[in-house]
Amino acid sequence: MPYRHLHLVLPLLFPAILFAFWPGYFGRLATAPFGFHLHGIVATSWLALLMVQGWSIHTRRAHLHRTVGLALFVLVPLFVAGGLLMTQAMAGMRLARTDPFHTLFGVRLALLDLTSVATFLALVEIAMARRRDPHRHAAAMTATLFLMLPPILGRMLPALPGFPAIDGVHPFALSFHVAQVIAVVGALLLSRQACRGAPLLRAVALLIAVQS
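Take the numbering used here: the last position of the sequence shown gets the number 214, and nothing is skipped along the way.
This is the structure we're talking about:
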């Protein structure tokens, strides 16, 4: 089966999510808009689903894989709803100028989220249509991961010691572009293992490059 060790790598993202989103979300849960809560819960649940699905299929627990996979029918609509609500909340913050970060980056992040949600839906549809083709099914599901990496890494990198600063460039803008480069490279490297699923991963790499 493809991506034999991916489920061992995914748990590393959960502490990264906590670290990356602490200043803007976890550190001020009481004041965060509902859309942020919904998007955060569902996106984290999606990563957990990818991890369980990878583990179950590679340990030959096909029945568990199919059963847990039914959560997709709940998570996908909630993922779309959360993404749209978060986009609306960011737009509102920018218009009201209540948050300097979203005043500066709200529109660009909203456009990125909208294209990512549309791509996410397309990948899930392909995964369902190709569920009897292990390579294309796994590639479509795994490709959704690379859509989530830039928001995580883009917020985490500036807090790391030694992250470079460039005069006239906002640290988040620089880190987000670096995060997108990492996601593009990761998707392209994984596409070398993907066989029939390689075009899907390359298409997502191209989309992220265009977003950048």
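Glycine included, C-beta positions come from ideal geometry on N, C-alpha and C.
For residue i, the first and last residue of its enclosing alpha helix (DSSP H)
i: W57; result: F36 to H60
i: A167; result: Element bounds for A167: n/a, residue is neither H nor E.
i: S177; result: P173 to S193
i: G71; result: A64 to G71
i: L15; result: L15 to F23
i: P152; result: P136 to M158
i: H9; result: L8 to V11
i: A161; result: Counting along the chain, A161 falls outside any alpha helix (DSSP H), and DSSP gives it neither H nor E.
i: A207; result: A200 to Q213
Sequence-distant residues of the same chain with beta carbon closer than 8 Å to residue i, five excluded per side
i: L162; result: none
i: M88; result: P35, G37, F38, L40, H41 and D115
Residue i versus residue j: straight-line alpha-carbon distance, rounded
i: H67; j: G84; result: 25 Å
i: A120; j: T61; result: 32 Å
i: F23; j: G29; result: 8 Å
i: V183; j: I210; result: 8 Å
i: I19; j: R132; result: 30 Å
i: H9; j: T46; result: 14 Å
i: G170; j: L208; result: 27 Å
i: L86; j: G108; result: 13 Å
i: V76; j: A140; result: 19 Å
Pair within 9 Å by beta-carbon distance, residue i and residue j
i: I154; j: L15; result: yes
i: P152; j: F174; result: no
i: R204; j: A189; result: yes
i: F21; j: W48; result: no
i: G71; j: L12; result: no
i: A64; j: S58; result: yes
i: L149; j: Y5; result: no
i: R157; j: P25; result: yes
i: A123; j: V78; result: Reading off the sequence, residue 123 comes out as Leu, not Ala. Cβ distance < 9 Å, so L123 and V78 count as in contact.
i: A145; j: V187; result: no
i: H7; j: L106; result: no
Neighbourhood of residue i by C-beta distance below 6 Å, restricted to the same chain and skipping five residues each side
i: R198; result: H137 and R138
i: A142; result: L125, I128, A129 and L202
i: P35; result: A91
Sequence-distant residues of the same chain with beta carbon closer than 7 Å to residue i, five excluded per side
i: L159; result: F165, S177, V180 and A181
i: Q213; result: L114, T117 and Q182
i: L147; result: L52
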